[in-house]
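**Student:**
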Amino acid sequence: MSGCIFCRIVAGEIPAEIVAREPEVIAFLDVQPLADGHVLVVPRAHVARVEELAPAAADALFRAVLRLAGPVREALGAAGTTIGVNNGDATGQTIPHVHVHIVPRWEGDGAGSVHTIFPRHVKRKLPEVGAAIRKTLG
Ligand code: 5GP
Ligand code: ZN
Numbered sequence: 003m004s005g006c007i008f009c010r011i012v013a014g015e016i017p018a019e020i021v022a023r024e025p026e027v028i029a030f031l032d033v034q035p036l037a038d039g040h041v042l043v044v045p046r047a048h049v050a051r052v053e054e055l056a057p058a059a060a061d062a063l064f065r066a067v068l069r070l071a072g073p074v075r076e077a078l079g080a081a082g083t084t085i086g087v088n089n090g091d092a093t094g095q096t097i098p099h100v101h102v103h104i105v106p107r108w109e110g111d112g113a114g115s116v117h118t119i120f121p122r123h124v125k126r127k128l129p130e131v132g133a134a135i136r137k138t139l140g
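Basically the working numbering = 1-based index in the sequence shown + 2.
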């Protein structure tokens, strides 16, 4: 995808502060970090959403997250990390090439948990929702 910024970083066409290069994945610092050490973990192959990842790419992506999470935390002297994916336009995903954010966290850093991004507008009962998902899974 020639118009995709992350494909262009993967191809070395535009610079990035790369922290890991693997056969199917690269990781680099977010250019507008939410905190020091904010890393993006990116499959080399272009797909927009998590559910479009090939199984091998998904394995490699999460393995890279697993490998990076501890060192990113330790390198920054952080207490933990928030790890997340904006998956689709409606979620605020601005770059339509799958990427996992790893953001170092400290006690009292002023950021919230994943729960704080949701206003909790829930209309349906758990059994109904569970049944709908199980039916779609097949
Ligand atoms: P999203 O909102 O799609 O989950 O996150 C995209 C992230 O990519 C943002 O945090 C943004 O700062 C980062 N970003 C956008 N363009 C570039 C770029 O050219 N280089 C780097 N390193 N990060 C970028
Ligand atoms: Zn791309």
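Every residue gets a Cβ at the ideal spot worked out from N, C-alpha and C, and that includes glycine. All values reported here derive from a predicted model rather than from experimental measurement.
Quick check on DSSP: helix, strand or coil for residue 16?
**Tutor:** Residue 16: coil per DSSP, three-state reduction.
**Student:** Among the residues of its own chain, which have a CB less than 6 Å from the CB of residue 84, if the five just before and after it don't count?
**Tutor:** Excluding sequence neighbours, residue 84 sits near 105, 107.
**Student:** Between residue 37 and residue 20, what straight-line distance do the alpha-carbon atoms span, to the nearest angstrom?
**Tutor:** When rounded, the distance between both Cα atoms is 17 Å.
**Student:** Compute the minimum distance between the beta carbon of residue 85 and the heavy atoms of the ligand 5GP, and state whether it is under 7 Å.
**Tutor:** Outside the cutoff, so no.
**Student:** If you check the beta carbons only, do residue 55 and residue 100 fall under 8 Å apart?
**Tutor:** Cβ distance < 8 Å, so residue 55 and residue 100 count as in contact.
**Student:** Assign residue 93 to one of three DSSP states: helix, strand, or coil.
**Tutor:** In this structure, residue 93 counts as helix in the three-state DSSP scheme.
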